[in-house]
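Structure, as structure tokens:
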Amino acid sequence: MASRVLRDVTNYKQSQLADRHVAFEKRKAELLSQVQESKNPILTLIEGLDKLGLKSTTAAPSFGGFPLSNTQLMLSQSEFDASIPSALPAQWQADLERLLTIQSNKFEYTSLFSSLATEWVDKPNDANLLLDAHLGGDSTADSSDTESFESVQVGREEMHRQRQEWDSFVFTERKTDTVAIEKYLADIFIEPQQKKKVRETPFELFRNGWKDRMVVSNLDCTSGDVGLAIKAVLKADLLSGRKRDELIALSSAGKGVLSEVADVINMELQNLGDWSWKPSPTPAQMRKQINGKYRVYMDPEIHQALLLEYLGVRFAVHTKQQFESFFRSNAWPKSAHNTMNSRDHARAAFYLSRKPSFNDSLLYRRREQFKDDFFLTQLPSSIQEGNRDYNAPDDSDEEDSDKKSPLEVKQTLLRLATTELMVQRKIYGSFTLCQTDFKWFGPSLPHSTIFTVLEFLGIEDSWIDFFKKYLSMSLVFPQDGPNAEPRTRRCGVPISQTLSDVFGEAILACLDFAVSKATKGRCQLYRFHDDVWFWGQKEDCELAWETIKKFTAVMGMALNEEKTGSIHVSDKGEKPSTILPKGPVRWGFLVLDPVQARWVVDMTNVDQHIAEMRLQFAQCRSVFSYVQAWNSYMGRFLGNNFGHPANCLGSEHLDMIFTTFKYIQKKLFVDDDKVTGCEDVTSYLKSIIEERFGTKDIANAFLYWPIELGGLELRNPFIPLMTTRTNSIKKPYELIEAAFELDEEKYEEAKRAFNKKKIYDIPKGCDPEKFFSFEEFVRFREETSSSLKDAYVELLESPRVEGLEYTRFMEFAVNTLPREFRGSKQIKPSYNLMDVYWQWTVQLYAAEAMERFGGLGLGEKEMLPVELVNLLRSERVRWQG
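Structure follows, in structure tokens:
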């Protein structure tokens with residue numbers, strides 16, 4: 001909940017604001033009365049405005065108007081100069097009086113903003129109250145809200161069903177055949193001939209790499225390490241309520257305080273052999289996610305969470321480094337479905353007078369993208385990068401990192417699958433795509449499997465002993481009541497903890513290698529944690545699928561049949577595979593149509609989420625919580641799961657998303673009997689604000705402007721789509737057609753050059769009198785065609801964003817942004833520095849803001865409780881269960 005310090009500051013600001021507002025309105029009324037009685041009303045206005053502090057630096061509200069400092073001089077001129085129209089002084093007076101109205105508007109909207117912030121604190125949603133009560137936090141809600149909490153149901157039927165299933169996995173030991181696991185791993189990692197070699201094999205180098213790096217005596221936690229651990233724990237959303245507030249406070253503490261925390265962690269490291277969970281049992285809580293699923297979070301003490309994050313990120317970085325070295329070795333197969341041999345290379349070099357540039361090929365691009373974006377992507381590459389937060393919901397903002405965020409990786413997966421479908425269908429006449437994931441992966445991982453795999457990979461026994469203590473925690477659910485019995489975890493790993501990521505990725509990296517080896521590198525697993533995708537030609541996919549099934553059985557895991565399916569597209573009349581799994585291929589709200597070979601929206605799924613959105617919006621007890629829920633659903637979650645605009649998806653996909661968003665808004669407002677008289681979110685929010693706070697004719701800018709400028713920062717889901725619509729590609733496959741045509745031109749050009757050159761050395765099997773055929777020239781396009789690679793890269797990209805035309809009015813509006821508001825990250829004093837979303841938003845509402853507030857700032861900056869609102873916004877939305 002909100003910091004009491006910030007709440008106290010807000011209360012003081014509100015008191016001061018009310019006093020200033022009352023005083024201003026009194027002086028304003030007196031001034032207007034004096035103006036009516038004055039023989040020189042404009043001069044009286046100027047003098048009165050000066051006393052009120054509205055001085056010459058204030059711009060006239062109408063564009064092209066005069067600054068206050070000039071008005072008096074022009075007034076004097078008009079007394080003598082008959083050429084000045086008599087209507088001008090009347091306009092000056094109207095502009096001056098509007099400055100008074102503008103100041104009243106600023107006071108009114110500053111007060112409204114503060115009232116809305118206070119409402120958010122005083123009236124938390126039931127989900128927040130429930131969470132806070134279970135974890136023993138201090139709710140800042142008033143007594144009436146606390147009483148209403150008593151009637152809140154503990155959860156819906158779905159929550160109880162998922163809880164029972166979670167319990168059945170976590171509190172039951174799942175024994176696996178460790179001997180069979182060791183044999184399976186040895187069969188894929190250790191070649192028989194390797195045992196005879198004197199030099200270390202790539203896998204032996206991998207195993208030996210743990211000995212010098214992860215030594216307890218070499219670990220030394222510093223204040224900087226503590227700061228990074230705090231940031232990671234907050235990003236993972238591990239803690240909530242009171243502990244989260246304490247962690248935020250600790251993050252801003254001085255180096256001395258962080259050094260003391262580091263001292264405590266170092267003491268724990270020195271006695272790691274005696275480490276245990278303290279206090280025990282550890283509280284656990286169920287949280288609903290925006291996708292409707294529930295996850296169980298541990299709620300450890302802060303210093304324990306920081307210790308485990310400190311160790312976790314170090315294991316994660318080293319694990320990734322070790323596997324990356326192994327991936328780069330010749331032990332990891334990497335190939336295309338159709339690959340050149342030495343004879344093919346020699347012939348190409350002879351006829352083309354150069355060797356094909358592998359670094360400019362589609363195959364090279366595939367390998368690099370797989371390595372950078374999908375190979376152990378859940379693990380960080382450096383200590384500074386921290387955890388990758390795969391469990392971040394699709395309604396969260398993207399990470400501020402040089403690497404792709406989990407959200408960006410998920411979008412890349414959609415684009416790759418779509419692009420590969422077009423490319424391979426063109427080259428081979430067919431394409432196969434498969435997806436699956438593991439059933440309850442985190443909660444169901446057998447501990448015996450985890451420890452056997454880690455031992456095989458070279459982790460020392462002392463660390464295995466520590467991991468056993470870490471995983472065998474005693475848990476209790478406070479929501480079960482004061483008499484709830486603690487139970488010991490016997491299976492699975494905790495969510496949102498980096499050590500858990502290490503265990504999961506270490507196991508699944510073995511699967512990555514097994515599939516690559518079985519298919520001779522022709523099939524790679526594009527994994528998003530335990531969501532597994534693979535594609536290519538049918539026979540390669542069949543080998544990959546058989547490998548996955550065998551791995552799953554040996555490791556004591558299970559595949560999720562509901563998320564398992566495949567699709568086969570063929571222009572050669574081929575029948576689908578009888579080996580590959582049946583079922584649709586889904587990505588977010590999209591399903592791959594096997595007939596049209598394109599993505600379409602699953603409207604049944606959309607309708608289910610509309611019903612859920614109604615339920616969640618109905619439980620929002622404050623305007624700001626409604627805005628936050630709207631932004632999560634409409635501003636991020638839906639758009640993220642419809643797929644961001646991409647060249648490979650084309651304008652047809654974009655139009656489909658426009659239509660779906662329009663459908664959703666109609667269902668939420670026009671077709672909802674409980675929302676009367678409102679056709680969209682704008683009119684709905686205006687109606688509830690007027691009902692609760694009495695403010696009429698609310699400015700649209702107030703709803704959509706950023707928090708820092710005094711607005712509610714309501715997101716418009718249509719703007720990001722509009723910015724790419726102009727440059728969206730209508731027929732993406734034509735890029736591949738053009739690449740093939742360019743290859744034909746390059747062939748003819750190479751043929752002419754060959755016929756003109758003098759030949760000296762003739763490789764075996766080459767005819768100096770006859771240029772090789774076009775069929776041979778393009779037989780290995782994935783390795784030789786830079787044109788195809790360029791088309792592939794372009795298909796993966798987003799359409800170029802394009803904002804609205806920049807006008808002189810917009811230049812005036814942004815350039816006159818008051819100094820106190822120039823720290824805004826969204827609306828900046830230079831139009832070109834703004835994100836295109838905010839450029840578009842300013843274009844929509846700047847005229848209204850200038851008219852009603854005299855500029856883009858909507859209130860009195862020093863009186864706006866911006867930090868309180870930002871603190872409340874920084875915690876993820878808690879969804880009603």
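Mind the numbering: the sequence shown is residues 1 to 881 in UniProt numbering, read in order.
Just so it is clear, CB atoms sit at the ideal spot from N, CA and C, and this is done for glycine as well.
Computed from a prediction, not measured in an experiment: that's the story for all the values here.
Would you mind working out which of the options sits nearest residue i, comparing C-alpha positions?
i           : options                        : result
Phe358      : Glu574, Glu679, Ser335, Leu421 : Ser335
Thr71       : Pro283, Leu615, Trp92          : Trp92
Thr339      : Glu794, Tyr831, Glu776         : Glu776
Glu25       : Gly48, Ser382, Asn40, Glu37    : Gly48
Asp531      : Ile579, Arg598, Lys439         : Lys439
Ser353      : Met863, Leu856, Arg752         : Arg752
Thr726      : Asp697, Trp705, Ser798         : Ser798
Arg621      : Glu324, Met555, Leu685, Leu307 : Leu685
Ala534      : Glu708, Ser566, Lys520, Ala738 : Per the sequence shown, the amino acid found at residue 534 is Phe instead of Ala. It is Ser566.
residue 884 : Phe323, Asp167, Lys770         : The question about residue 884 has no answer here: the residues shown for the chain are numbered 1 through 881.
Asn815      : Val801, Tyr831, Glu805, Leu804 : Tyr831
Lys861      : Gly710, Lys758, Asn716         : Gly710
Any idea what DSSP makes of residue i, helix, strand or coil?
i      : result
Glu398 : Caution is warranted here: a pLDDT of 48 is assigned to Glu398, below 50, making its placement in the model unreliable, and no coordinate value can be reported.
Glu147 : Annotation note: pLDDT 35 at Glu147 (below 50); position unreliable, coordinate value reported separately. Of the three classes helix, strand and coil, the one that applies to Glu147 here is helix, per DSSP.
Leu590 : strand
Arg800 : coil
Thr498 : helix
Trp332 : coil
Asp373 : helix
Gln619 : coil
Pro61  : Because Pro61 carries a pLDDT of 44, less than 50, the predicted location of this residue cannot be relied on, and no value is offered for it.
Gln524 : coil
Leu868 : helix
Gly565 : strand
Arg819 : helix
Gly458 : coil
Met1   : Reliability of the predicted coordinates at Met1 is poor, the pLDDT of 43 falling under 50, and the value obtained from them is presented with this limitation in mind. Met1: coil per DSSP, three-state reduction.
Val532 : strand
Asp8   : helix
Cys766 : coil
Arg487 : strand
Phe477 : coil
Leu419 : According to the sequence provided, residue 419 is Thr. The question's Leu does not apply to it. Thr419 falls in the helix class under three-state DSSP.
Gln16  : helix
Thr176 : coil
I need the straight-line Cα distance from residue i to residue j, nearest angstrom please.
i      : j      : result
Leu735 : Leu795 : 8 Å
Gln153 : Gln608 : Its pLDDT being 43, under 50, Gln153 is placed unreliably in this model, and the value from its coordinates should be taken loosely. Distance between the alpha carbons of Gln153 and Gln608: 22 Å.
Cys523 : Thr807 : 52 Å
Asp263 : Glu690 : 54 Å
Glu158 : Gln880 : 12 Å
Glu485 : Leu379 : 35 Å
Arg489 : Met286 : 16 Å
Pro124 : Phe661 : 28 Å
Leu742 : Pro356 : 16 Å
Pro763 : Phe772 : 13 Å
Val296 : Pro333 : 38 Å
Val5   : Leu868 : 9 Å
Thr140 : Tyr12  : Only weak support is given to the placement of Thr140: the predicted model assigns it a pLDDT of 44, under 50, and the question is left unresolved by the model.
Glu505 : Gly677 : 52 Å
Ala119 : Gln369 : In the sequence as presented, Ala is not what sits at residue 119; that position holds Glu. So the alpha carbons of these two residues sit roughly 47 Å apart.
Lys371 : Asp540 : 20 Å
Ile610 : Ile302 : 38 Å
Leu508 : Ile688 : 50 Å
Thr724 : Val801 : 5 Å
Under the assumption that residue i contacts residue j (Cβ atoms under 8 Å), give the Cβ distance between them as a whole number of angstroms.
i      : j      : result
Arg852 : Ala699 : 5 Å
Ser111 : Leu17  : 6 Å
Trp277 : Ser474 : 7 Å
Cys648 : Thr419 : 5 Å
Continuous alpha helix (DSSP H) assignments of at least 4 residues falling wholly in the region 73-126 | When DSSP assignments are scanned along the region 73-126, the uninterrupted stretches of alpha helix (DSSP H) that are 4 or more residues long and fall wholly within it turn out to be 87-122.
What residue ranges within the region 238-326 form continuous alpha helix (DSSP H) runs of no fewer than 4 residues, ordered along the chain?
-> Fully enclosed alpha helix (DSSP H) runs of 4 or longer: 241-251, 255-270.
Those runs of the alpha helix (DSSP H) which lie wholly inside the region 695-764 and span at least 4 residues = 700-704, 718-725, 733-756
Ranges of the beta strand (DSSP E) found wholly within the region 591-664, counting only runs of at least 3 | 598-601
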